Structures are given as structure tokens and as C-alpha cells.
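To keep things clear, I will list the structure first and then write my remarks on it.
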Amino acid sequence: MSAGAVLDLEGLNPVQRAAVQHDEGPLLLLAGAGSGKTRVVTHRIARLLLEGSSPDSVLALTFTNRAAREMRERVFGLLGADDLPGLTISTFHSLGARFLRQHATAVGRTRAFTIYDDDDQTAVLREALNDLNAGLSAKGVRAWRRAIDQAKNAGLDAREATPPSEGALLDPAEVGARYELLMERADAFDFGDLILRPAQILTEVPSLAESYRRRWRWVLVDEFQDTNRAQYAWLRTFAPPASNLFVVGDDDQSIYGWRGAEVENILQFPHEYPAARVLRLEQNYRSDGHILQAANGVIAHNERRLGKDLWTERSEGTRIELYEGHDARGEARWVAERIAGLCREEGYAPGDVAVLMRANHLSLDLEETLTRAGLRYAVVRGRSFYDRAEVRDALAYVRLLVNPNDDVAFRRALGVPSRGVGKTSLARLAEFADARGESALAAAAAALDAAVLRGRARSGLADFLAALAAARAEASSPSAQVRGLLERVGLMEHLAHEDVEREAGEGRQANVERLLQAIESYEQETPDASLAGYLEQVKLVSEVDVAQLSGGAVSLMTVHAAKGLEFPVVFVIGLEDGVFPNARALDDRDGAGEEEERRLCYVALTRAERRLILTRARQRRTFGEVRHNAPSRFLRELPRGAVESRYVPEPPPAARAWQRRASGWPREHDPVAVAPAPSDDELCVDVVYDEFGGSDGPGFSPGMRVWHAQLGAGRVRKVNPGMRPSLTIDFDDVGQRKVLASFVAPYQG
DNA sequence: AAAAACTATTTTTTT
DNA sequence: AATAGTTTTT
Numbered sequence: 034m035s036a037g038a039v040l041d042l043e044g045l046n047p048v049q050r051a052a053v054q055h056d057e058g059p060l061l062l063l064a065g066a067g068s069g070k071t072r073v074v075t076h077r078i079a080r081l082l083l084e085g086s087s088p089d090s091v092l093a094l095t096f097t098n099r100a101a102r103e104m105r106e107r108v109f110g111l112l113g114a115d116d117l118p119g120l121t122i123s124t125f126h127s128l129g130a131r132f133l134r135q136h137a138t139a140v141g142r143t144r145a146f147t148i149y150d151d152d153d154q155t156a157v158l159r160e161a162l163n164d165l166n167a168g169l170s171a172k173g174v175r176a177w178r179r180a181i182d183q184a185k186n187a188g189l190d191a192r193e194a195t196p197p198s199e200g201a202l203l204d205p206a207e208v209g210a211r212y213e214l215l216m217e218r219a220d221a222f223d224f225g226d227l228i229l230r231p232a233q234i235l236t237e238v239p240s241l242a243e244s245y246r247r248r249w250r251w252v253l254v255d256e257f258q259d260t261n262r263a264q265y266a267w268l269r270t271f272a273p274p275a276s277n278l279f280v281v282g283d284d285d286q287s288i289y290g291w292r293g294a295e296v297e298n299i300l301q302f303p304h305e306y307p308a309a310r311v312l313r314l315e316q317n318y319r320s321d322g323h324i325l326q327a328a329n330g331v332i333a334h335n336e337r338r339l340g341k342d343l344w345t346e347r348s349e350g351t352r353i354e355l356y357e358g359h360d361a362r363g364e365a366r367w368v369a370e371r372i373a374g375l376c377r378e379e380g381y382a383p384g385d386v387a388v389l390m391r392a393n394h395l396s397l398d399l400e401e402t403l404t405r406a407g408l409r410y411a412v413v414r415g416r417s418f419y420d421r422a423e424v425r426d427a428l429a430y431v432r433l434l435v436n437p438n439d440d441v442a443f444r445r446a447l448g449v450p451s452r453g454v455g456k457t458s459l460a461r462l463a464e465f466a467d468a469r470g471e472s473a474l475a476a477a478a479a480a481l482d483a484a485v486l487r488g489r490a491r492s493g494l495a496d497f498l499a500a501l502a503a504a505r506a507e508a509s510s511p512s513a514q515v516r517g518l519l520e521r522v523g524l525m526e527h528l529a530h531e532d533v534e535r536e537a538g539e540g541r542q543a544n545v546e547r548l549l550q551a552i553e554s555y556e557q558e559t560p561d562a563s564l565a566g567y568l569e570q571v572k573l574v575s576e577v578d579v580a581q582l583s584g585g586a587v588s589l590m591t592v593h594a595a596k597g598l599e600f601p602v603v604f605v606i607g608l609e610d611g612v613f614p615n616a617r618a619l620d621d622r623d624g625a626g627e628e629e630e631r632r633l634c635y636v637a638l639t640r641a642e643r644r645l646i647l648t649r650a651r652q653r654r655t656f657g658e659v660r661h662n663a664p665s666r667f668l669r670e671l672p673r674g675a676v677e678s679r680y681v682p683e684p685p686p687a688a689r690a691w692q693r694r695a696s697g698w699p700r701e702h703d704p705v706a707v708a709p710a711p712s713d714d715e716l717c718v719d720v721v722y723d724e725f726g727g728s729d730g731p732g733f734s735p736g737m738r739v740w741h742a743q744l745g746a747g748r749v750r751k752v753n754p755g756m757r758p759s760l761t762i763d764f765d766d767v768g769q770r771k772v773l774a775s776f777v778a779p780y781q782g
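In terms of the working numbering, the first sequence opens at residue 34 and continues consecutively.
Structural data, given as C-alpha cells:
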């Protein structure tokens with residue numbers, strides 16, 4: 034290491050410094066949000082290297098590629114280095130993929146194996162289930178996919194999966210075996226394999242584990258609360274209790290339980306690693322006082338936690354703002370205006386602002402209003418681009434170039450553009466290939482000889498094979514090879530044709546062109562560029578990882594995607610029961626669901642530095658149906674002192690009804706009378722609490738007998754709370770109707 | 001076998 | 001509301 038660099042530890046607090054300077058033996062660092070844990074990890078790595086440890090001996094594992102990249106850059110910055118060959122800072126999955134490329138043959142794969150994502154996995158499983166004569170509904174197949182995924186996350190084999198209720202009659206051993214056979218034939222690994230297989234290999238070959246153990250003298254794991262059992266098992270093979278394992282985490286920020294993350298890993302760490310030293314970072318350097326109070330207040334409602342309270346030396350700052358829109362559009366309109374106002378009047382820039390939400394689709398209305406308001410925004414979505422049908426089609430061709438046994442890609446590519454090879458021909462081909470124990474493409478030439486197919490199907494397949502062979506023979510750069518193949522098979526032409534037909538299309542051809550350009554720029558940026566390398570990047574690196582945040586645009590993203598980030602101004606939208614907390618998550622895992630949703634809310638709130646603004650809509654369209662959601666229960670948990678004492682809810686859209694009438698629209702649903710907007714005086718903090726922290730309706734509950742003056746007697750099916758609560762009632766005479774609760778009275782008899 | 005018509009399902013979060 | 005998947009028609 035360059036002897037010149039000196040690490041400055043003066044800027045660190047005593048606990049941070051202790052963690053950086055911790056010597057040998059395991060250490061658990063419980064680091065609250067904004068407590069400077071990345072600083073600690075990067076300083077520690079820098080310190081180790083400065084004191085003479087070889088970069089080879091350091092392994093840092095993160096959860097996302099974004100975190101890995103940030104960590105790497107900060108270490109380089111501290112050391113004034115451009116590169117540190119041998120230093121491994123990587124995600125679990127990237128490391129797993131790298132490991133498996135080296136040991137592929139031990140598990141029946143080649144070095145060129147393909148990584149299958151959820152959709153690919155589902156396609157394989159559909160095949161597997163069909164082969165077992167157990168054709169299931171799409172839902173059933175997906176349920177099995179989840180079951181296998183969960184098994185692998187828990188460190189089990191696919192054969193040990195717990196059958197989902199949709200396909201409970203099937204034997205998991207059979208399903209799992211068939212699935213794994215097809216995966217092996219396709220030379221593919223799923224995401225779970227990237228963790229599970231390395232763990233299995235290292236467990237079976239202790240000498241190999243030993244060599245890694247010797248190499249990685251210093252192992253650091255970030256976001257330890259999000260590791261699953263398989264990751265933990267893998268970790269233990271090369272970082273056993275006696276090693277220098279340094280884990281950092283926060284049980285309050287565990288938000289991946291649905292993916293198999295085990296908070297237990299962090300809770301049990303002191304027992305599993307008895308020699309472990311435990312340090313806590315509780316001083317927050319990110320958020321103003323009110324924001325921190327709000328976050329602490331909400332998370333305090335969780336019972337299963339180690340318990341910690343963040344504190345700050347910062348001033349209390351501005352109180353948290355609340356807004357209630359009439360519907361999602363009203364909410365969006367206000368948010369856009371508020372962002373514009375903060376930029377105009379308080380010196381914030383759009384790039385300082387993030388809008389966080391529970392689910393991706395909640396951004397739709399906002400995107401529209403932001404555009405209209407002339408505010409630049411960037412939606413940080415998981416992997417939207419690569420999920421487009423046409424991009425996946427094009428990628429299928431790329432995949433076949435890299436791995437000819439990739440059966441999922443084969444089926445996909447063969448079908449687009451259509452070549453006269455339909456369902457029946459495909460089934461025949463699959464049967465033929467299966468009998469030979471080969472992948473479809475490997476058996477295709479023989480199938481042509483054996484005249485398995487006739488007529489158009491036969492010539493279509495022959496053309497397809499010829500195009501692939503020609504592309505392979507082409508000795509050009511990877512991107513040129515792909516371009517050539519796509520031209521040869523007429524995909525571009527096909528898409529151009531489709532674009533014309535669809536008129537209002539978003540340019541499918543243009544999207545594939547973008548893909549080709551992405552491959553080209555990958556080629557230019559990467560030293561040993563290969564299509565295989567590109568594909569791995571596509572699978573493992575999401576848009577979230579590469580998003581240029583604060584590039585001057587408002588960031589729109591899910592709370593999950595926002596983890597680890599911070600912004601001067603944070604909006605959290607859609608704070609309604611059923612949305613955030615998400616209804617499905619709530620009945621998950623007996624009660625654990627609500628606590629995880631609350632942790633998610635905690636993560637959202639703690640992203641904010643200076644301003645925190647929470648919004649909800651009284652009604653929202655979901656699945657094409659208007660729903661009146663109660664305010665999020667988390668709003669009720671905000672400490673009053675931290676919340677702005679006044680808020681002005683959006684008045685009901687009386688104006689719109691009037692306009693409709695004026696323009697001659699039918700007036701069937703015009704409200705007869707509309708409540709006036711409440712005056713400011715009515716909106717002191719107590720009202721905020723009643724309205725926001727919402728009543729659950731005026732004493733009605735499902736099952737209750739009620740009376741309506743016009744419609745007669747009935748039974749309450751559903752209570753729809755809100756500003757003007759309504760009830761869905763099964764009337765004895767007229768069937769199900771939705772009526773305002775104020776017109777209904779409880780009724781005996 | 002392909003296109004058109006119909007239907008069921010979705011929006012929970014992601015490596 | 002939009003779409004992916006399924007069935008029917010050509």
C-alpha cells in the first residue's frame with residue numbers, strides 16, 4: 034500500500050473509531066439509520082490495507098451492486114487509489130456467480146451457464162410440470178416457483194420444497210427433480226442456486242473452504258439483517274466463529290423477509306459467534322430532530338426488535354407535513370406543486386427530492402403531473418427496460434449465442450418473429466430432444482433429419498438454425514454479431530412492422546436499438562467484453578444499481594429501492610391502509626407482516642434529511658375499481674409534536690361536477706351537495722389526527738344488520754372508511770349496494 | 001399455425 | 001385499466 038496515505042480517524046465518533054480499529058475476532062455492529070456505518074466499513078477496509086493487509090485478504094459483501102460500487106469508490110477515495118487488484122467488494126450473488134463459473138463442472142454446468150430470472154424459472158417449471166402430466170394454472174406454476182425459491186433461500190434443495198396449496202397433490206421430490214434436470218440440461222442456474230450451490234460445494238469440499246478461509250482473512254458483511262439462511266450457511270463455510278467476521282446491520286431495517294431474509298441471523302449472531310464484540314451506533318447524522326422523532330415513534334410500535342433509539346445533535350428542523358388528496362390524481366397534483374414550491378421558495382433543487390412509495394405502480398399519476406409541471410424526474414424501477422417483451426425477445430437471441438442449450442431462450446426466439454413452428458411442433462421437438470436427453474437446440478438438427486417436423490414448421494426451424502449458425506461463424510465483435518443475427522432473422526423488420534400497426538406504439542424497434550447500443554457501450558467500457566459477461570450484468574445489475582441519482586431530477590422509487598439512500602426532501606405517498614401497509618403483506622407470516630411493513634415505513638422516513646412530507650388519497654382506483662382506504666395506521670403512530678399543526682385537505686371535486694354539467698355532460702352521478710372545504714380553524718392538530726389517523730367508520734362492522742330508508746334491511750359486507758365513510762351492504766331485497774354510512778342505521782331483526 | 005377474441009389476473013417489495 | 005394467458009376462429 035502507498036505509505037504516503039494517512040487515514041484520518043479524527044472525524045469519527047468513539048464507537049465508530051472502535052469499530053474501525055477493532056482487531057481480530059468477530060464483531061457485530063448494530064448501526065441505526067444514518068449513523069455512518071458505510072463510513073465505518075470503508076475506513077476499516079482502508080485501515081486494514083494501510084496497515085499492510087493485502088487487498089487479496091479482504092472480502093466485503095453487500096446486498097446491492099449500488100452499495101458495492103459506492104463502497105469501492107469510497108475506499109479508493111480514502112486511499113487515493115485508482116484500483117486495488119485482488120480486493121473483493123461484491124454482492125453475494127455476483128460472488129456466487131463468479132464462484133460457480135470456476136466450479137461449474139462440479140455441478141453439471143459449463144462455464145457459459147446462463148442465469149435464469151423469475152420468468153425463465155417459471156417457464157422451466159411449467160415444462161417440468163407438464164412433463165409430469167400435471168399441467169397447472171399459471172398461478173399454480175408461480176406458486177411452485179415461489180416454493181422452490183423459498184426452499185433454496187432456506188438452504189434446502191428444490192426437492193425439499195414445501196408444496197404450495199395450489200399443487201399440494203404433487204410430490205416435491207418429483208417436481209424438484211424434474212425441474213433440476215431441465216435446469217441442468219439448459220446449462221442454467223436460478224438466483225437461488227447462485228447462493229445455494231457455492232454453499233453446498235464448500236460444505237462438501239472442506240479443503241476448498243479452507244483455502245478461501247485462508248485467503249479472506251478479513252470478511253465484512255453489510256446489511257446483515259437481510260441475509261437469508263443459505264447466505265449465512267455459505268458465509269460460515271469460509272468465515273467460521275473463530276474468524277475475523279465483521280457484520281453490520283440494523284434489525285429495524287430488515288425489509289426482505291419475503292425473500293427469505295432472517296432477522297434471526299443478526300439476533301442470534303452473539304450466540305453463534307460467542308467471541309463477538311457488539312457495538313452500537315445510535316447517533317444519527319442525517320435527519321433533523323422532528324424527522325427522527327417521527328421515525329422513532331413509528332418503529333417503537335414494533336415488539337420484536339433489539340431496541341434502540343436514534344438521537345441527533347441537529348436542531349429539530351421543520352415539522353412533518355401531511356396532505357390528503359381527494360384521489361390519486363389530486364395527491365399527485367399537490368405533490369408536484371409542493372415540489373415546485375420548495376424549489377421556488379426554499380432553494381431546493383429537483384435533484385434534492387425523492388418521492389417514495391410502497392409499490393411501483395403508485396408513481397403513474399405523479400409521472401403525469403410532474404411532466405405537466407415541467408419538473409424533470411427519474412423513475413428508479415427495478416428492471417423495467419429489460420422486462421419489455423421485445424427486449425426479452427432480442428435478448429433470447431443473445432442468450433442462444435452464448436448458451437445454445439438455453440431452452441427457455443430457444444422457445445422464445447423461435448417464436449418471434451413467427452416461423453410456422455407452433456405449439457404442436459414445439460411439443461414434438463421437445464419430446465424428441467427429451468428422449469435423447471438433450472436440449473432442444475442440440476437435438477434440432479437430428480430432428481430435421483428424423484423428419485420429426487413437416488412442412489412450414491420444418492423449413493422454419495431449418496431457417497432458424499441456419500441463421501444461428503451463420504451468426505456464430507461470423508468473426509466480429511459481440512455487438513456486431515448480435516446485430517447481424519437480429520437482421521438475419523428479420524426481428525428488426527418484424528418490430529418495425531408492429532410499430533406501424535400499433536401506431537401509438539412506444540417504439541419497439543427503438544427499444545431493441547437501445548439494447549444494441551447498450552451492448553455496444555458495454556463493449557467499449559469493459560476490458561474483456563463478451564456477450565456472456567453482458568448477459569450476467571443484465572441479470573444481476575438492476576436499473577436501481579446504475580441509476581444516476583440527483584442528476585438534477587426528482588427521484589421516484591419504491592421504499593425498497595431507496596434503502597441506503599438519503600435526500601434533503603422526501604415525500605412518502607400512498608399512506609393508506611392496504612397500500613402502505615400493503616394488504617397482502619399484512620396477513621403474511623402470522624403477524625410478522627405488519628412489523629415488516631412498519632420497518633419499511635421506518636426506512637422510508639429515515640431517508641429524509643431536512644423535509645419530510647407524507648400524503649394519502651381518500652380514494653384510489655385499484656384493479657379498475659374505486660376504493661376508499663383508511664389512512665395508514667402508521668400515520669396514527671407519528672408523535673404529535675413532530676407533525677405540522679395544520680394541513681389543508683383537498684376539497685371534494687365539486688368544481689369538476691359543475692364543469693361537466695356546464696359542458697352538457699350527463700349528470701347522473703353529480704353529487705347533490707358537496708361538503709365545503711374545512712376552514713383552517715377546523716384543522717388544528719387534533720382534527721389532523723381524527724381525519725388522518727382515521728376513524729374506522731362510525732361504529733359499523735362487517736356482519737352487522739342495518740337499515741336503509743330506501744333500500745330496506747341488509748347486512749354489512751365491507752366498511753369503507755374515509756372522509757365520507759361508506760358501506761358495502763348485502764340488502765335482503767335489492768342485493769349488494771354501496772351507500773354512504775350516514776344514511777344507514779343499525780337495526781335489530 | 002396464426003390471428004382474433006375472450007378471460008383471468010394483477011400491484012408488494014428484488015438479487 | 002392494462003396485460004398476459006387461453007380459447008376460438010379463420
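Ideal Cβ placement from N, Cα and C applies to all residues, glycine included. Since this is a predicted model, take the numbers as computed values, not measurements.
Mind checking residue i: buried by the 16 CB within 10 Å criterion, or exposed?
i	result
residue 473	buried
residue 763	exposed
residue 485	buried
residue 172	exposed
residue 224	buried
residue 290	buried
residue 188	buried
residue 767	exposed
residue 569	buried
residue 405	exposed
residue 652	buried
Smallest Cα separation from residue i: which of the options?
i	options	result
residue 342	752, 327, 350	327
residue 510	492, 567, 469, 466	567
residue 296	303, 307, 569, 284	284
residue 157	610, 181, 143	181
residue 407	640, 587, 439	587
residue 449	437, 243, 527, 505	527
residue 662	671, 639, 633, 615	615
residue 552	571, 541, 543, 542	571
residue 199	179, 217, 214	179
residue 294	268, 259, 609	259
residue 476	194, 439, 508	439
By Cβ distance below 7 Å, which residues in the same chain neighbour residue i in space, the five residues on each side in sequence not counted?
i	result
residue 210	192
residue 315	65, 68, 341, 342, 343, 344
residue 393	414, 591
With a CB to CB cut of under 6 Å and the five nearest residues on each side skipped, what residues in its chain are close to residue i?
i	result
residue 13	The chain is shown from 34 up to 782; residue 13 falls before or after that span and cannot be answered.
residue 153	441
residue 782	Reliability fails at residue 782, whose pLDDT of 48 lies under 50, so the model's placement of it is uncertain and the value that follows must be treated cautiously. Answer for residue 782: no residue qualifies.
residue 786	A question about residue 786 goes unanswered here, because the residues of the chain that appear run from 34 up to 782.
residue 811	The question about residue 811 has no answer here: the residues shown for the chain are numbered 34 through 782.
residue 50	42
Should residue i and residue j be called a contact, given that it needs their Cβ atoms to be closer than 7 Å?
i	j	result
residue 47	residue 309	no
residue 365	residue 321	no
residue 126	residue 573	yes
residue 79	residue 111	yes
residue 543	residue 603	no
residue 146	residue 204	no
What are the boundary residues of the alpha helix (DSSP H) that residue i is part of?
i	result
residue 512	511 to 521
residue 325	322 to 332
residue 499	488 to 506
residue 270	262 to 271
Given residue i, which residues of its chain have a CB within under 8 Å of its CB, disregarding the five upstream and five downstream residues?
i	result
residue 771	753, 759, 760, 761, 762
residue 370	406
How is the beta strand (DSSP E) around residue i delimited, first residue to last?
i	result
residue 740	738 to 741
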